[in-house]
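Visitor: Sharing a structure here in structure tokens format.
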Amino acid sequence: MGSALETLCGQAFGAGQIEMLGVYMQRSWIILVASSFLMCPIYIFAAPVLKLIGQEDEIADLAGHFTITIIPQMFALAFNFPTQKFLQAQSKVVALAWIGFVALLLHISLLALFIFVFGWGLGGAAAAFNVSAWVVSLSQVAYVMVWCKDGWTGLSWSAFRDIWAFVRLSLASAIMLCLEVWYMMILTVLTGHLDNAEIAVGSISIW
0 MGSALETLCG QAFGAGQIEM LGVYMQRSWI ILVASSFLMC PIYIFAAPVL KLIGQEDEIA
60 DLAGHFTITI IPQMFALAFN FPTQKFLQAQ SKVVALAWIG FVALLLHISL LALFIFVFGW
120 GLGGAAAAFN VSAWVVSLSQ VAYVMVWCKD GWTGLSWSAF RDIWAFVRLS LASAIMLCLE
180 VWYMMILTVL TGHLDNAEIA VGSISIW
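According to numbering that gives the first Met the number 0, the residues represented by the sequence shown are 0 to 206, in order.
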């Protein structure tokens, strides 16, 4: 739902309206956070839905537990995506690369700590995912606030204007992205109906 941001930020930067980048980014934050709240029931009730469509109980329960525990990561992405587009529009990709590199090292360390040292298993993987996602998002936001004074002029009420126009502009791209993601998700769900479903789902997930 933030797909319009890439187009609008590029146009604003090209037109020299640098201050509008921050407004568009905040508008996208609002829309994506609201969308995340709307998607929460899908995450919370993932296990019953999977069982309803015929998935094995063990797989459905594991998937349901994982989706619930990564809900914080979904909200982190609501800030990550717009901030990333804000920086990309200004060709400030070096900062993104460094943040991503540090987050990768942190994520690997957290996975080892939570899974192998603490023995948290799948919950540990989700916890590492949440922490890494929020570290990336908060680092990007901090960089914008401190080193992007031209585009970031502080929180603005202008972000609440023309929200529906922004949503409509994003919908077409959102539908295309959903179809692309759903294609892979449908394959994973169908794989769950094969013999030795746990191994089959694990294999296709790695692929």
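Quick reminder that beta carbons are idealized off the backbone N, C-alpha and C, glycines included.
Rounded to a whole number of angstroms, what is the C-alpha to C-alpha distance between Glu-5 and Leu-104?
Guide: 28 Å
Visitor: Under a three-way DSSP split, which group does Lys-84 fall into?
Guide: Residue state, collapsed to three classes: helix.
Visitor: Buried or exposed: which applies to Arg-26, given that a residue is buried once 16 or more other Cβ atoms fall within 10 Å of its Cβ?
Guide: buried
Visitor: Suppose the cutoff is 7 Å on Cβ atoms and the five residues either side in sequence are ignored; what does the same chain contact list for Phe-12 look like?
Guide: Leu-20, Ala-88 and Gln-89
Visitor: Does DSSP put Lys-50 in a helix, a strand or coil?
Guide: helix
Visitor: Pick from Ile-17, Leu-178 and Trp-28: whose alpha carbon is nearest that of Ala-3?
Guide: Trp-28
Visitor: Measuring straight from C-alpha to C-alpha, what distance separates Ser-34 and Ala-46?
Guide: 21 Å
Visitor: As a quick exercise: from Gly-63, Glu-57, Glu-18 and Met-38, pick the residue whose alpha carbon is nearest that of Val-48.
Guide: Gly-63
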